[in-house]
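Engineer: Protein sequence lines correspond, in order, to chains A and B. Heads up: the first sequence begins at 11 in the numbering used here, then just goes up one per residue. Heads up: the second sequence begins at 9 in the numbering used here, then just goes up one per residue. Positions of the beta carbon are idealized from the N, C-alpha and C atoms, including for glycine. Below is the structure I would like to discuss, written out as structure tokens.
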Amino acid sequence: MASPSLIPAGDFRSSYAVDTTIFPTKTSRNAAILGVVLICFAPQLLSEYWLSQLIVIGIYGIAALGLNILVGFTGQISIGHAAFFLFGAFTSAYISNKTAIPVFFAIPLAGLVTAMVGLIFGLPAARLKGLYLVIATLAAQYILLDFFSRAEWFSGGSVPAMAKPFSIFGYELRGDRHYFYVVLAYVVVSYLLVTNLMRSRDGRALVAVRDHYLSAEIMGINLTKYRTLSFGLAAFFAGIAGALYAHYQLVVSNEGFGIERSILFLAMVIIGGTGSIMGTLMGTAFVVLLPESMEWISAELKGSAIDRALQLNNNLTFLREIAIGLIIIAFLVFEPDGLAHRWRQIKTYWKLYPFSH
Amino acid sequence: MAVALDVRGVSLRFGGVRALTDVSFAVNDGELFSIIGPNGAGKTSIVNCISGRYRPTEGQLFYHGTDITGLNPNARPGLGIGRTFQNLALFHHMSVLDNIMVGRHHLLKNNFLTGSLYWLTGARKEELEHRRKVEEIIDFLDLQSVRKATAGTLPYGLRKRVELARAMALEPNLILLDEPMAGMNFEEKEDMARYIVDLNEEYGMTVMMIEHDMGVVMDISHRVMVLDFGRKIAEGDPAAVLADPHVKRAYLGEEDEALVDPDHAPIAAESAA
């Protein structure tokens, strides 16, 4: 039988400090550091196309991380996450355009303002659960999107808002090759912050509220506070991600941030693994790259023997959409614990290879 | 001996159902106090009133002189009241260690900001200090081998013990144990009885326990209270309670004049019959 533990034999912990590290072993820590160092060379090695994909994964990965705090760790639900993302984007654009605050500070500031808005929209969560909460967050989605299309002073109304490029010490970071490092820094810091949160007092409180709210309350946890707080935290990371997106695209518009986008954020969290921090990044990569790879397959199929035999022609585009839907359904059926769980199983398998039985 | 918990005339009604009717009793500091009674007698309702899950319809509860009748449940650990649940209420997806660490919630000071900046704010140091305390509890309850296991995967007897550990982590002065031995085999019961006596004698906690196992109750309790149909029918030292005719009737099922309610005279008689 494969052992569920990934700690190698003979690795004894002699202090509590060693037992509470982020990575279970030195090897895994060094591998993670190496991974980050290697990815620093991405702008030199990858094409513009793949670089832009990485940037998008990074940005959406931060937003999905926020949603995972809410959905995975606190056990709430929100289908208004895209609206908070967009709120962060507009806020950062607004701050950097209308005030003297540079973009460097506008991004975290946008995160804080979005967190405040998230706290307000999170108030119903103190009373509502499940389907009722879904409807309350749906209201957030529509109220915010309506606000963006009406508040010309803030978002430009029907005209897209312009955002300044990111600059540091007066040096403008234009283009994917430079901006990649900004996103990478934010991804690393965000994921570290959330990892730390989950191994300290308030992170545990959030999970306790998810697992058994009645006994959590008896343990001295204020349910209203933590349910609302999780909305604030989720909105904070959505706002940061939105702000990063704004200064990447240099233009912000309402388009493409309807409820479909909110559901796509949920898909990232569920596919990656609810309540798994690294799983969030895997799920985001999966959801971002899936349409791309389907695009590639349908391009390859075009004009091929299969295409001619089945006379697919223009239907290829629809087939792509169907395939994406099917893959997501198959995922939920066969891998309900997400990519993070599969990853753990693969590691366990290789740990004992070739004697895993 | 000072009074730790003073329950004065507590009644609890859910619509037409009378869960508790005018129950009064006091638990002294350092006492091991047991509540017994047939199923549905209102034992857990009493504990729920003390821990704040229910608010009594009438009456008041005092803890060391403080009125706690309407206090929020999440404020009670701070006063020194902890409890376990009858049907397991662990955080199923968390490790045993984290479950117990949740018990330290009201004693820890780091929050989502300082906790996120783990290394920079002293949160790490604080977490490690409390980890030490938690490990003492793990040692006491012999949970070392399942420290990292997910709570939901443990067998029943161990889960009960983890729940006791979590309640101990609150560092309560008064610990409420709701059927700590239900569903256990003889050896597990022996262990649990030992832990409860140690809690009381070694840790100096006031213990209030609900238990069906008469042998254990009679052996370790200092005082026993008997409830039946939401009313107190006896209170005193174990031997006296056991000899009480009302108690015998409650358990063997005969009509009992102590239960006859002047307003609803037939109820007790009918149910007993």
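State yes or no: is the beta carbon of A:Thr124 nearer than 9 angstroms to at least one beta carbon in chain B?
Structural biologist: no
Engineer: Could you tell me whether any Cβ in chain B is nearer than 9 angstroms to the Cβ of A:Arg214?
Structural biologist: yes
Engineer: Enumerate in chain order the residues of its own chain whose CB-to-CB distance from B:Val31 is below 8 angstroms, with the five nearest sequence positions on each side excluded.
Structural biologist: For B:Val31, where only same-chain residues beyond five positions count, the Cβ hits under 8 angstroms are Val15, Gly17, Val18, Ser19, Gly50, Ile54, Gly67, Leu235, Gly238, Arg239, Lys240.
Engineer: Ordered along the chain, which non-local residues of its own chain (more than five positions away) have a Cβ less than 6 angstroms from that of B:Thr65?
Structural biologist: Taken in chain order, the residues that qualify are Ser19, Leu20, Arg21.
Engineer: Just to confirm my understanding: we take A:Lys235, look at its own chain, exclude 5 residues before and 5 after, and list those with CB closer than 6 angstroms. What are they?
Structural biologist: none
Engineer: Taking the beta carbon of A:Gln151 as the centre, do at least 16 other beta carbons fall within 10 Å, making it buried, or is it exposed?
Structural biologist: buried
Engineer: Using a Cβ-Cβ distance under 9 angstroms, would B:Asn119 count as near chain A?
Structural biologist: yes
Engineer: Express the C-alpha separation of A:Trp353 and A:Asn107 in angstroms, rounding to a whole number.
Structural biologist: 44 angstroms
Engineer: Would you report the Cα separation of A:Ser62 and B:Arg63, rounded to the nearest angstrom?
Structural biologist: Between the C-alpha atoms of A:Ser62 and B:Arg63 there is a straight-line separation of about 58 angstroms.
Engineer: Can you have a look at A:Ser25 and say buried or exposed, based on whether 16 or more other CB atoms are within 10 angstroms of its CB?
Structural biologist: exposed
Engineer: Would you mind sorting B:Leu121 into buried or exposed? The rule is 16 or more other CB atoms within 10 Å of its CB.
Structural biologist: B:Leu121 comes out exposed.
Engineer: Are there 16 or more other CB atoms within 10 angstroms of the CB of B:Ala201, so buried, or fewer, so exposed?
Structural biologist: buried
Engineer: For B:Ala131, return the contacting residues in chain A, with the cut-off set at a CB-CB distance below 7 angstroms.
Structural biologist: Ser210
Engineer: Identify every residue that forms a DSSP beta bridge with B:Lys240.
Structural biologist: B:Leu235
Engineer: Let me check understanding here. Comparing Cα to Cα, which of A:Leu55, A:Gly132, A:Phe328 lies closest to A:Arg237?
Structural biologist: A:Gly132
Engineer: Could you list which residues in chain A have their beta carbon closer than 7 angstroms to that of B:Phe93, in chain order?
Structural biologist: Ser225
Engineer: Below 8 angstroms on the Cβ atoms is my contact criterion, and I expect B:Val170 with B:Ser42 to pass it. Report the Cβ-Cβ distance as a whole number of Å.
Structural biologist: Not really, about 22 angstroms apart at Cβ, beyond 8 angstroms.
Engineer: Across which residues does DSSP place B:Asn36 in a beta bridge pair?
Structural biologist: B:Val11
Engineer: Using only alpha-carbon positions, find the residue among A:Ala92, A:Ile334, A:Arg271 that is nearest to A:Pro301.
Structural biologist: With distances taken between Cα atoms, A:Pro301 lies closest to A:Ile334.
Engineer: Kindly say whether A:Tyr26, judged by its beta-carbon, lies nearer than 9 angstroms to any beta-carbon of chain B.
Structural biologist: yes
Engineer: At 8 angstroms on the CB atoms, spell out the chain A contacts of B:Ser124, in chain order.
Structural biologist: Within chain A, the residues near B:Ser124 are Leu203, Val204, Asn206, Leu207, Ser210.
Engineer: Check whether the Cβ atoms of B:Gly111 and B:Ala157 lie closer than 9 angstroms to each other.
Structural biologist: no
Engineer: In terms of residue numbering, what span does the alpha helix (DSSP H) encompassing A:Asp186 cover?
Structural biologist: 186-208
Engineer: Let me know the secondary structure DSSP gives A:Val262 once reduced to three states.
Structural biologist: strand
Engineer: I'd like to know if the region 71-78 of chain A and the region 278-295 of chain A are in contact, where contact means that at least 3 CB-CB pairs between them fall below 8 angstroms.
Structural biologist: yes
Engineer: Please report whether the beta-carbon of A:Met292 lies at a distance below 9 angstroms from any beta-carbon of chain B.
Structural biologist: A:Met292 does not count as touching chain B.
Engineer: Ends of the alpha helix (DSSP H) at A:Ser165?
Structural biologist: Residue range 162-165 is occupied by the alpha helix (DSSP H) that includes A:Ser165.
Engineer: By a C-beta neighbour count over all protein chains shown, 10 Å radius and 16 as the cutoff for buried, is A:Val279 buried or exposed?
Structural biologist: buried
Engineer: Would you tell me roughly how many angstroms separate the C-alpha atoms of B:Glu187 and A:Thr358, rounded to the nearest one?
Structural biologist: 39 angstroms
Engineer: In chain order, what residues of the region 43-63 of chain A put their CB closer than 9 angstroms to some CB of chain B?
Structural biologist: none
Engineer: Count the other C-beta atoms from every protein chain shown that fall within 10 angstroms of the C-beta of B:Gln152, then say buried if there are 16 or more, exposed otherwise.
Structural biologist: exposed
Engineer: Would you please state the rounded distance, in angstroms, between the beta carbons of A:Pro53 and A:Arg187? I believe it to be under 8 angstroms.
Structural biologist: 4 angstroms
Engineer: In the region 86-172 of chain B, which residue ranges form an unbroken beta strand (DSSP E) of at least 3 residues, counting only runs that do not cross its ends?
Structural biologist: The qualifying runs are 89-91.
Engineer: Using alpha carbons as the reference points, say which of B:Tyr126, B:Gly45, B:Asp75, B:Asp106 lies closest to B:Glu1.
Structural biologist: Here chain B has residues from 9 to 281 only, and residue 1 of chain B is not among them.
Engineer: For the region 228-250 of chain A, enumerate the residues whose C-beta is nearer than 8 angstroms to any C-beta of chain B, in chain order.
Structural biologist: Ile228, Met229, Gly230, Ile231, Asn232, Leu233, Leu239, Leu243
Engineer: Can you tell me which residues form a DSSP beta bridge with A:Tyr181?
Structural biologist: A:Ile178
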